[in-house]
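Chains as they are written, first to last, in the working numbering: chain A, -4 to 303; chain B, 191 to 570. Just so it is clear, CB atoms sit at the ideal spot from N, CA and C, and this is done for glycine as well. Predicted model, so just to flag it, every value in this text is computed and none were measured.
Take a look at the structure:
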């Protein structure tokens, strides 16, 4: 029971990171129909920025908001300057460009902050570990039914829950949200009724990158450091989550993220010989493949009719 | 704008140019292992490895319009097929090439089964996941008895005789005594052989009826289906064939002696590298990946130690000295983005665009359709 509870919470807290990245993927996909392969790397860049803010002595609570601001700017500029012009050429070009962005951002992180994991006292970091948003000392846990649950895990889950509620309010009860849904439903018609689709798309990319930044900071906090490969597998898990939830359903992305985190943690925990740490990503792969084969629109996505 | 010259395809002028190009190519190919330095031979061998993989990817991506980020896995299947057959069952490395081809073909065709239902970017996602899963699968404790797990395998290559290091090819020994550095040209020639095989398969397909049906699938799959192209079978076979060809240069990696699952080309980084090589050279052109691989390897090696500002030529120092890592990754990432705006068919496309102003070939050779605004027509 304790073990089960522990794995449950661990799965949910890892899953919340996947949910955040998946949310970003879904927001962009709904708006433009593009799959942003650089989503994880955009988040990683912002995470490095937050580390830098930490080095300058800014407390993590403020640093993460500033980091999300940087993420928003990065996403918005990417959309306006790169993705929008190239999407007029072909979807193939957009795919290549997002791969290019993926590589460029990862290289940029290395070029600015070096290849080693940070914080690293060897290269003069003032911080000992990546700042966590929640108390994360070894003594910071609560005991529920005999299981020691880290406060950090609970905090992360609560954070994602609150963020989800906020996002739903924005999507369903604000003008921006209405505009975003209109653009997602039919970009051409949205333009005709006077919605500035360009701004909406820019805001979507910015929002996606900002949420991603939060995900990156949370994950680096759990991981206690940030490194160049941090978001690599996270992106795979997040895309599995988005696939599971349905690529055009933000709610699906959150549920998908939690589910993927749960499934892979349970599988790794209860089948250490078969799955273990090595094949965790294999489980996500199988989930993704299974969903695409048997229910391509995901659990909550709308299946669209294709016109030939 | 009318070009200055017009050359009849198959006429004497066309043949003169072809023979001249073939002679230059043959001269360069022979010059590298005989007169080039050892590091040049190594560079050339690596470039040829990338060439083979990018050519294979190009058949799928450039000509059929199917996106794959999973080719590092197929490359790795080649590597591990050779490694396992040589170490576990004592096969000669060269005889494992057809086996690797077959294994990768089966795996590729099997992966393409979902690919028939999954389109566009979803296929990219699934194949990317495949690329990430592959090294983990190799490390999986359940199959470590076969693959050596995370530690990898050693002695996976040719067993040159310890004393005189001769190597016999079906009782014939064209290489003389292979010792020390003398082994390098040997690997080089295997790489050349693999690239020639892959190139000829690609060329044969692209210039044939099959190639035209592939290009039709790429440009408009609905129209292709209406014209009688069997979409599922064609897509599946091409996916399998592309995977199989990609495995061949992978085998070469194992032939050099040791394999580990963390070799860069066997991870998702490999997939991205192949993609960069293909796009920079020119997707959808036969020569693109060849040019791309040479450019990629040349720049990567030239800038390899530029993380240290002292190594950068002084003219370029202000541009690159701030970077903590070698700039090749950033250069090619930027190139990928810029090329999509300026030259979607890469360097080969640029070359065509320039030459077409001066020389035109009539009639156009098969397989050279230049649809500039290419579409991945299957919207996700």
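CB-CB length for residue 207 of chain A against residue 16 of chain A, believed under 8 Å: That pair is a contact at about 6 Å.
Selection from B/521, B/404, B/475 and B/343 that minimises the alpha carbon distance to residue 244 of chain B: Among B/521, B/404, B/475 and B/343, the Cα nearest to that of residue 244 of chain B belongs to B/475.
Members of the segment 294 to 318 of chain B that neighbour chain A once the beta carbon cut-off is set at 8 Å: Answer in chain order: 304, 307, 308, 310, 311, 312, 314, 315, 316 and 318.
Reduced DSSP secondary structure (H/G/I, E/B, other) of residue 571 of chain B: As displayed, chain B neither begins before 191 nor continues past 570, which places residue 571 of chain B out of reach and without an answer.
Simplified DSSP state of residue 195 of chain B, which is helix, strand or coil: For residue 195 of chain B, the secondary structure class from DSSP, reduced to helix, strand or coil, is strand.
CB contact check: residue 77 of chain A to chain B, cutoff 9 Å: Chain B, which has a Cβ nearer than 9 Å to the Cβ of residue 77 of chain A, makes this yes.
Cβ neighbour criterion (16 or more within 10 Å) applied to residue 183 of chain A: So residue 183 of chain A counts as exposed.
Closest Cα partner of residue 99 of chain A within the set B/519, B/421 and B/298: Per the C-alpha coordinates, the member of B/519, B/421 and B/298 positioned closest to residue 99 of chain A is B/519.
Nearest-angstrom beta carbon gap, residue 261 of chain B and residue 249 of chain B [assumed within contact, 8 Å]: Rounded to whole angstroms, the Cβ separation of residue 249 of chain B and residue 261 of chain B is 11 Å, and the two are not in contact under 8 Å.
Per-residue contacts from residue 74 of chain A into chain B (C-beta, under 9 Å): Residues of chain B passing the Cβ test: none, with the nearest at roughly 14 Å.
Between the CA atoms of residue 75 of chain A and residue -3 of chain A - distance to the nearest angstrom: Here the C-alpha atom of residue -3 of chain A lies approximately 50 Å from the C-alpha atom of residue 75 of chain A.
For residue 538 of chain B and residue 496 of chain B, believed in contact at Cβ under 8 Å, the rounded distance: Contact flag wrong, Cβ pair sits at about 27 Å.
Paired residues, beta bridge with residue 552 of chain B - DSSP: Residue pairing from DSSP places residue 552 of chain B in a beta bridge opposite B/198.
Residues, ordered as in the chain, of the segment 103 to 117 of chain A that lie near chain B by beta-carbon distance below 8 Å: The residues in question are 103, 105, 106, 107, 108, 109 and 110.
Touching by the beta-carbon criterion (3+ pairs, under 8 Å), the segment 394 to 402 of chain B and the segment 265 to 277 of chain B: No, the segment 394 to 402 of chain B is not in contact with the segment 265 to 277 of chain B.
Residue 435 of chain B versus residue 529 of chain B - alpha carbon distance: Per the coordinates, the alpha-carbon of residue 435 of chain B lies some 26 Å from the alpha-carbon of residue 529 of chain B.
9 Å Cβ cutoff, residue 462 of chain B in contact with chain A: A Cβ of chain A is located within less than 9 Å of the beta carbon of residue 462 of chain B.
Reduced DSSP secondary structure (H/G/I, E/B, other) of residue 568 of chain B: Below a pLDDT of 50, predicted positions are generally treated as unreliable, and residue 568 of chain B, at 37, falls in that range; the measurement from the model is reported next regardless. Three-state DSSP puts residue 568 of chain B in coil, outside helix and strand.
Whole-angstrom C-beta distance between residue 255 of chain A and residue 282 of chain A, which should lie under 8 Å: In this structure residue 282 of chain A touches residue 255 of chain A by the C-beta definition: roughly 7 Å separates them, less than 8 Å.
Those runs of the alpha helix (DSSP H) which lie wholly inside the segment 269 to 297 of chain A and span at least 4 residues: 275 to 289, all fully within the segment 269 to 297 of chain A.
Alpha-carbon to alpha-carbon, residue 286 of chain B and residue 279 of chain B: About 11 Å.
Euclidean distance between Cα positions of residue 471 of chain B and residue 201 of chain A: Their backbone Cα atoms lie some 33 Å apart in a straight line.
Pairwise C-alpha distance: residue 277 of chain B and residue 66 of chain A: One C-alpha to the other measures close to 50 Å.
Straight-line gap, residue 14 of chain A to residue 237 of chain A (C-alpha atoms, nearest Å): Residue 14 of chain A and residue 237 of chain A have their C-alpha atoms roughly 8 Å apart.
The segment 77 to 96 of chain A in contact with the segment 214 to 224 of chain A per 3-pair CB rule at 8 Å: Taking a cut-off of 8 Å for Cβ pairs, the segment 77 to 96 of chain A and the segment 214 to 224 of chain A do not touch, as fewer than three such pairs fall below it.
CA-to-CA distance, residue 41 of chain A to residue 272 of chain A, given in whole angstroms: For the pair residue 272 of chain A and residue 41 of chain A, the Cα-to-Cα distance works out to about 27 Å.
Proximal chain A residues relative to residue 421 of chain B, where beta-carbon distance stays under 9 Å: Contact annotation for residue 421 of chain B against chain A: no contact, minimum CB-CB distance about 12 Å [criterion: below 9 Å].
Chain B contacts from the segment 13 to 30 of chain A (Cβ-Cβ distance under 9 Å): Listed in chain order, the positions of the segment 13 to 30 of chain A with a beta carbon within less than 9 Å of a beta carbon of chain B are 24, 28, 29 and 30.
Minimum Cβ-Cβ distance from residue 489 of chain B to chain A less than 9 Å: With 9 Å as the cut-off, residue 489 of chain B does not count as an interface residue toward chain A.
Interface residues of chain B facing residue 88 of chain A [CB-CB closer than 7 Å]: The answer, in chain order, is 530 and 534.
Continuous alpha helix (DSSP H) stretch holding residue 542 of chain B: start and end: Run containing residue 542 of chain B: 536 to 545, per the alpha helix (DSSP H) assignment.
Minimum Cβ-Cβ distance from residue 134 of chain A to chain B less than 9 Å: No Cβ of chain B is located within less than 9 Å of the beta carbon of residue 134 of chain A.
Reference residue 20 of chain A; option with closest CA among A/45, A/128, A/204 and A/81: Put simply, of A/45, A/128, A/204 and A/81 the residue whose alpha carbon is nearest the alpha carbon of residue 20 of chain A is A/204.
Residue 280 of chain A versus residue 412 of chain B: straight-line alpha-carbon distance, rounded: Distance from the CA atom of residue 280 of chain A to the CA atom of residue 412 of chain B, rounded to whole angstroms, is 30 Å.
Whole-angstrom distance between residue 288 of chain B and residue 10 of chain A, CA atom to CA atom: Cα to Cα, the separation comes out at about 43 Å.
Spatial distance of residue 331 of chain B from residue 338 of chain B (CA atoms): Near 9 Å, if we compare the C-alpha coordinates of residue 338 of chain B and residue 331 of chain B.
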